[in-house]
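>
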Amino acid sequence: MQTRKLGTELEVYPVGLGCMGMSFAYGGQAEADAIATLHRAVDIGVNFFDTAEVYGPYENEILLGKALKPFRDKVTIATKFGFKILEEGIGMDRMAGVDSRPEHVKAVAEASLKRLGTDVIDLYYQHRVDPNVPIEDTVGAMAELVREGKVRALGLSEASAATIRRAHAVHPISAVQSEYSLWSRDPEDEVFAVCRELGIGFVPYSPLGRGLLTGTIAKPEALSDDDWRRTLPRFQADAMEANAKVVATLEKLAAEKSVTPAQLALAWVLRQGDFIVPIPGARKIRHLEQNTAAAGIELSAAEVAAIGDALSPDKVIGKRYTEELLALVNG
Numbered sequence: 018m019q020t021r022k023l024g025t026e027l028e029v030y031p032v033g034l035g036c037m038g039m040s041f042a043y044g045g046q047a048e049a050d051a052i053a054t055l056h057r058a059v060d061i062g063v064n065f066f067d068t069a070e071v072y073g074p075y076e077n078e079i080l081l082g083k084a085l086k087p088f089r090d091k092v093t094i095a096t097k098f099g100f101k102i103l104e105e106g107i108g109m110d111r112m113a114g115v116d117s118r119p120e121h122v123k124a125v126a127e128a129s130l131k132r133l134g135t136d137v138i139d140l141y142y143q144h145r146v147d148p149n150v151p152i153e154d155t156v157g158a159m160a161e162l163v164r165e166g167k168v169r170a171l172g173l174s175e176a177s178a179a180t181i182r183r184a185h186a187v188h189p190i191s192a193v194q195s196e197y198s199l200w201s202r203d204p205e206d207e208v209f210a211v212c213r214e215l216g217i218g219f220v221p222y223s224p225l226g227r228g229l230l231t232g233t234i235a236k237p238e239a240l241s242d243d244d245w246r247r248t249l250p251r252f253q254a255d256a257m258e259a260n261a262k263v264v265a266t267l268e269k270l271a272a273e274k275s276v277t278p279a280q281l282a283l284a285w286v287l288r289q290g291d292f293i294v295p296i297p298g299a300r301k302i303r304h305l306e307q308n309t310a311a312a313g314i315e316l317s318a319a320e321v322a323a324i325g326d327a328l329s330p331d332k333v334i335g336k337r338y339t340e341e342l343l344a345l346v347n348g
């Protein structure tokens, strides 16, 4: 089985599985269906699963702990800390800013271990950089968890190149997770270079543009009323209408290659470097199988360049997040 490395500690299949949408933000799904998808992922070789404390909150970690228990020695589980979570409210409403104080880092790890039903977290990410806590203090606490045997490897999410360097100086960082796709390429500016230099894996979340690059979401009405994507700029009706031309270009290129738009988008991401392991979400088994198969799609350098030019971010209408959420990235 082909694999890719995240730092020196982790070796995983080139395409992982982002599990957030099974429990959070995108409308969720029945537990039995989620477990069936997770089990199928293991069957076809996927061994890298991404969750977080805040997904639910808590529900997604519990789901993964239950579903992956029979395969625990075969899979790599990543989870994240870093948000303040209110006792009251529903879903996103319970997120109340960031918190990466050392005592919080450790408390969340203990709780996540219990919810996941495991003795060790394979990859422990800071979900968002906390501007009120020096990264050295946060990573110092994370490193203590490694020394205690509770965590195998450390990661950061949506961190700037400068922050990654400071963090890595305290303890080796194995993976940096940030949004990256044909439509969102900010990490190319500085983060990729740092990852290559320091031997850090890069884990793109939303490599399919939160579903827009699949070609299956044409209007906001295609999403459930409680789907969080409805609040994002690119999922407003005018933006979706304008961006339909770009999606049509992707569909045309995919048809010429006899693959799906999602597969072509993922294949392009994979061709940006062998240190990259995307984690597309999938709630349906057929989408999981299609996404995973993207690892076997061959693209020439000329094809990669042509696809990148045809779907460059400057052709896209709408930012990836609201201004409030953008304030939490590149910290």
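Convert by adding 17 to the 1-based position in the sequence shown; the result is the number in our numbering. Glycine included, C-beta positions come from ideal geometry on N, C-alpha and C.
Anyone know if the C-beta pair for LEU281 and ALA312 falls short of 8 Å?
no
> Does the pairing of the region 120-138 with the region 166-184 give three or more beta-carbon distances under 8 Å?
yes
> Is it right to say LYS97 is buried, meaning 16 or more other beta carbons lie within 10 angstroms of its own, or is it exposed?
buried
> Counting C-beta neighbours from all protein chains within 10 Å, is the total for GLU340 16 or more, i.e. buried, or is it exposed?
Burial call: exposed.
> Do LEU162 and HIS185 come within 8 Å of each other at the CB atom, strictly closer than that value?
no
> Our contact map puts ASN64 next to VAL32 with C-beta atoms below 8 Å; I'd like the distance itself, whole angstroms only.
The Cβ separation is near 10 Å, so there is no contact.
> Do VAL294 and LEU363 come within 8 Å of each other at the CB atom, strictly closer than that value?
With the chain covering only 18 through 348, there is no way to say anything about residue 363.
> So is GLY218 buried or exposed if we call it buried at 16+ other beta carbons inside 10 Å?
Label assigned to GLY218: buried.
> Counting Cβ pairs, one atom from each stretch, are 3 or more of them under 8 Å apart for the region 145-158 and the region 105-118?
yes
> According to DSSP, what are the bridge partners of PRO221?
SER195
> Does the Cβ of PRO297 have 16 or more other Cβ atoms within 10 Å, making it buried, or fewer, making it exposed?
buried
> Using a Cβ distance threshold of 8 Å, determine whether the region 172-182 contacts the region 197-211, with at least three qualifying pairs required.
A contact between stretches requires three or more CB pairs, one per stretch, nearer than 8 Å, and the region 172-182 meets this requirement with the region 197-211.
> Are there 16 or more other CB atoms within 10 angstroms of the CB of GLU8, so buried, or fewer, so exposed?
Residue numbering for the chain in the displayed model covers 18 to 348; residue 8 lies beyond these limits and cannot be assessed.
> Put ILE293 into one of helix, strand or coil per three-state DSSP.
Of the three classes helix, strand and coil, the one that applies to ILE293 here is strand, per DSSP.
> Rounding to the nearest angstrom, what Cα-Cα distance links GLU258 and GLY325 in this structure?
Going by the C-alpha atoms only, they are around 21 Å apart.
> On a Cα-Cα basis, can you pick out the residue from VAL59, CYS36, LEU199 and ALA160 that is closest to SER191?
ALA160
> Could you check if ASN149 is buried or exposed, using at least 16 other CB atoms within 10 Å of its CB as the buried criterion?
Exposed: under 16 other Cβ atoms inside 10 Å.
> Answer with buried or exposed for ASP67, where buried requires no fewer than 16 other C-beta atoms within 10 angstroms of its C-beta.
So ASP67 ends up on the buried side.
> At the level of alpha carbons, what is the spacing between ASP242 and ASN77?
21 Å
> Between ARG300 and THR54, which are expected to be in contact by the criterion C-beta below 8 Å, what is the C-beta distance as a whole number of angstroms?
6 Å
> Secondary structure at ARG288, three-state DSSP: helix, strand or coil?
coil
> Buried or exposed: ILE61, going by 16 or more other Cβ atoms within 10 Å of its Cβ?
exposed
> Could you pull the start and end residues of the beta strand (DSSP E) that ARG21 belongs to?
21-23
> Out of ALA113, LEU173, GLN143 and ALA170, state which residue places its alpha-carbon closest to the alpha-carbon of VAL122.
For the residues ALA113, LEU173, GLN143 and ALA170, the minimum Cα distance to VAL122 belongs to GLN143.
> Return the CA-CA distance between GLU306 and HIS56, expressed in angstroms with no decimal places.
When the Cα atoms are used, GLU306 and HIS56 turn out to be separated by approximately 12 Å.
> So who's on the other strand from GLU28, going by DSSP bridges?
LYS22
> Measure the C-alpha to C-alpha separation of LEU249 and ARG337 and round it to an integer number of angstroms.
7 Å
> Helix, strand or coil for ILE152? Go by DSSP, reduced to three states.
helix
> CA-CA distance, LEU81 and TYR222?
18 Å
> Answer yes or no: do LEU328 and VAL263 have a C-beta to C-beta separation smaller than 8 Å?
yes
> THR233 to ALA239, Cα distance in whole Å?
Straight across, the Cα-Cα distance linking THR233 with ALA239 is about 9 Å.
> For PHE65, which three-state DSSP category applies?
In the displayed model, PHE65 falls within a strand according to three-state DSSP.
> Here's a check: name, in chain order, each residue in its chain whose Cβ is nearer than 7 Å to the Cβ of GLN194, leaving out the five neighbours to either side.
Cβ-Cβ distances below 7 Å link GLN194 to TYR142, GLY172, SER174, VAL220 and TYR222 in the same chain, with the five nearest sequence neighbours on each side left out; the list follows chain order.
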